[in-house]
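**Student:**
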Amino acid sequence: MKEYISISCLPLPTFIEGNKVTFNSGDRHPNRTNLQYFVLMFMTEGTLFIAEDGNNYTVRKGEMFILQPQHHHYSWKPIEEKTTYYWLHFFVSGKWSQGASPISMQSLIEVPTLHYFTPTMTLHLLKHAKLTDTKRLLNTVSQIFAESTDPQKFGFWRSQQLFIDVLQAIQVHSKEETKLSELSGKLQRYLRDNFSQKITNEDLSAVFHFHPNYISRALKQTIGLTPAEFLVRYRMEEAEKRLLNTNLTISEIADSVGFQNVYYFSTSFKKYKGLAPQIFRKQKKI
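Next up, the structure:
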């Protein structure tokens with residue numbers, strides 16, 4: 001059965017260290033329980049018999065495998081032949097989960113809706129999988145090791161950039177995830193273009209020809225917001241810009257961002273920013 005590791009990508013996973021290791025017949029993988037990093041392994045020779053929390057795995061040449069942080073890792077069987085693999089430790093400060101299917105993970109950082117395309121914020125990786133384009137992948141891994149040991153001040157940043165390339169190369173895109181992402185992008189564009197109008201899930205259903213529940217699911221699973229939540233946040237961000245950059249009255253701003261009732265707008269803005277619109281404008285413009 002396939003196992004998926006879903007990782008929130010805001011903040012991005014960070015490469016810590018890595019190397020190439022060789023075991024000989026009779027050797028065992030270290031027995032440990034307190035490693036705070038994920039361990040990403042690319043097998044280039046032999047077979048590794050690795051266990052995690054009582055689950056035994058056999059990882060062969062041409063395969064990748066991922067160990068979770070703060071879990072029990074050990075050999076369930078000694079190495080039988082010369083075995084070599086690349087290993088990379090990486091740290092995740094956001095949320096992550098391992099399970100039988102990929103799931104959407106909420107970002108640790110609040111993402112503004114003002115930029116035009118909000119990306120899918122979850123990285124999906126197979127725990128154990130066969131590698132494709134192995135030569136290119138391992139060349140990139142070797143570059144990471146070279147950059148991470150470079151005494152020049154830019155080596156750290158170059159190694160991080162290359163590590164993101166590795167994650168992009170091995171990430172999993174299910175057909176359903178792709179469909180949801182495409183629909184989510186179209187929904188976000190439509191909501192931004194029409195945010196000053198009254199928009200319901202039924203309206204979106206009529207425009208995009210999907211059931212209202214599927215419409216809501218597409219946005220919720222990709223950016224963590226329902227269409228209604230997205231609209232409120234976007235309207236509040238637009239209101240904030242108008243309060244700081246124009247001389248429009250509070251009533252005019254409320255109307256321009258889709259609120260017919262100025263009192264409801266003021267209540268919503270105070271809930272969003274912690275201050276009533278007029279007080280927010282006065283304090284921020286000082």
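Residue numbers (our numbering): 1 to 286. Note that the Cβ used here is the ideal one computed from N, Cα and C, for glycine as well. Here the structure is a predicted model, which means the values were calculated and not measured.
(1) V92: buried (16+ other C-beta within 10 angstroms of its C-beta) or exposed?
(2) Can you find the residues in the same chain that come closer than 8 Å, C-beta to C-beta, to F195, ignoring five residues on each side of it along the sequence?
(3) Using C-beta distances below 8 Å, list every residue in its chain close to P78, excluding the 5 sequence neighbours before and after it, in chain order.
(4) For a quick check, are the C-beta atoms of L131 and E52 less than 8 Å apart?
(5) What are the boundary residues of the beta strand (DSSP E) that includes Y37?
(6) From I250 to F154, what does the alpha carbon distance come to, in whole angstroms?
(7) Keeping to the same chain, check which residues put their C-beta closer than 6 Å to that of Y22; ignore five residues upstream and five downstream.
(8) Can the beta-carbon of Q36 be found less than 8 Å from the beta-carbon of P69?
(9) Going by the CB atoms, is the gap between F65 and Y74 shorter than 8 Å?
(10) Would you mind listing the alpha helix (DSSP H) stretches within the segment 192-220 that are 4+ residues and don't spill past its ends, in chain order?
(11) Could you name the residues of the same chain whose beta carbon sits closer than 8 Å to that of E3, not counting the 5 residues immediately before and after it, in chain order?
(12) Helix, strand or coil, according to DSSP, for P13 in the structure here?
(13) H71: which of E80, Y86, W87 and G54 sits nearest, CA to CA?
(14) Might you give, ordered along the chain, the residues of its own chain that have their beta carbon closer than 7 Å to the beta carbon of S8, omitting 5 neighbours on each side?
(15) Would you kindly report the start and end of the unbroken alpha helix (DSSP H) that includes K282?
(16) Does DSSP classify A51 as helix, strand or coil?
(17) Is the CB-CB distance between L187 and P227 below 8 Å?
(18) State yes or no: is the C-beta of Y86 within less than 8 Å of the C-beta of K179?
(19) Run through the DSSP bridge pairs and tell me what Y85 is partnered with.
(20) Under the DSSP definition of a beta bridge, which residues are partnered with G99?
(21) Run the CB neighbour count on I253, radius 10 Å, all protein chains shown included, and call it buried at 16 or more, exposed below.
(22) Just to confirm, are F15 and Q160 a CB contact at a threshold of 8 Å?
(23) How would you write the range of the alpha helix (DSSP H) that K248 sits in, first residue to last?
(24) Suppose the cutoff is 7 Å on Cβ atoms and the five residues either side in sequence are ignored; what does the same chain contact list for N201 look like?
**Tutor:** Looking at the coordinates:
(1) Counting other Cβ atoms within 10 Å of its Cβ, V92 reaches 16 or more and is therefore classed as buried.
(2) For F195, same chain residues with a beta-carbon under 8 Å away, outside a window of 5 residues either side, are L231, Y234, R235, E238, V257 and G258 in chain order.
(3) If we look at P78 and ignore the five residues flanking it on each side, its Cβ neighbours are S25, G26, D27, R28 and F49.
(4) No, these two residues do not count as a Cβ contact at 8 Å.
(5) For Y37, there is no enclosing beta strand (DSSP E), as DSSP marks it with neither H nor E.
(6) So the alpha carbons of these two residues sit roughly 48 Å apart.
(7) Reading the sequence as shown, one finds Thr at residue 22 and not Tyr. Here the set comprises T84.
(8) Yes. Within cutoff.
(9) No. Outside cutoff.
(10) Counting only runs of 4 or more, we get 201-208.
(11) Excluding positions up to five away in sequence, the list reads Q98, G99, A100, L126, K127 and H128.
(12) In the structure shown, P13 sits in coil (DSSP, three-state: anything other than H, G, I, E or B).
(13) When only C-alpha atoms are compared, the closest one is G54.
(14) Cβ within range, chain order: G94, K95, W96, M105, Q106, S107, L108, M121 and T122.
(15) First-last of the alpha helix (DSSP H) with K282: P277 to K284.
(16) Assigned with DSSP and collapsed to three states, A51 falls in strand.
(17) Closer than 8 Å, so yes.
(18) Not closer than 8 Å, so no.
(19) Y85 pairs with V21 and M43.
(20) Per DSSP, Y4.
(21) Around the CB of I253, 16 or more other CB atoms lie within 10 Å, so the residue is classed as buried.
(22) The answer is yes: Cβ separation under 8 Å.
(23) It should be pointed out that residue 248 corresponds to Leu in this sequence rather than to Lys. Counting along the chain, L248 falls outside any alpha helix (DSSP H), and DSSP gives it neither H nor E.
(24) For N201, the CB contacts under 7 Å within the same chain, skipping 5 residues up- and downstream, are P212, I215, S216 and P227 in chain order.
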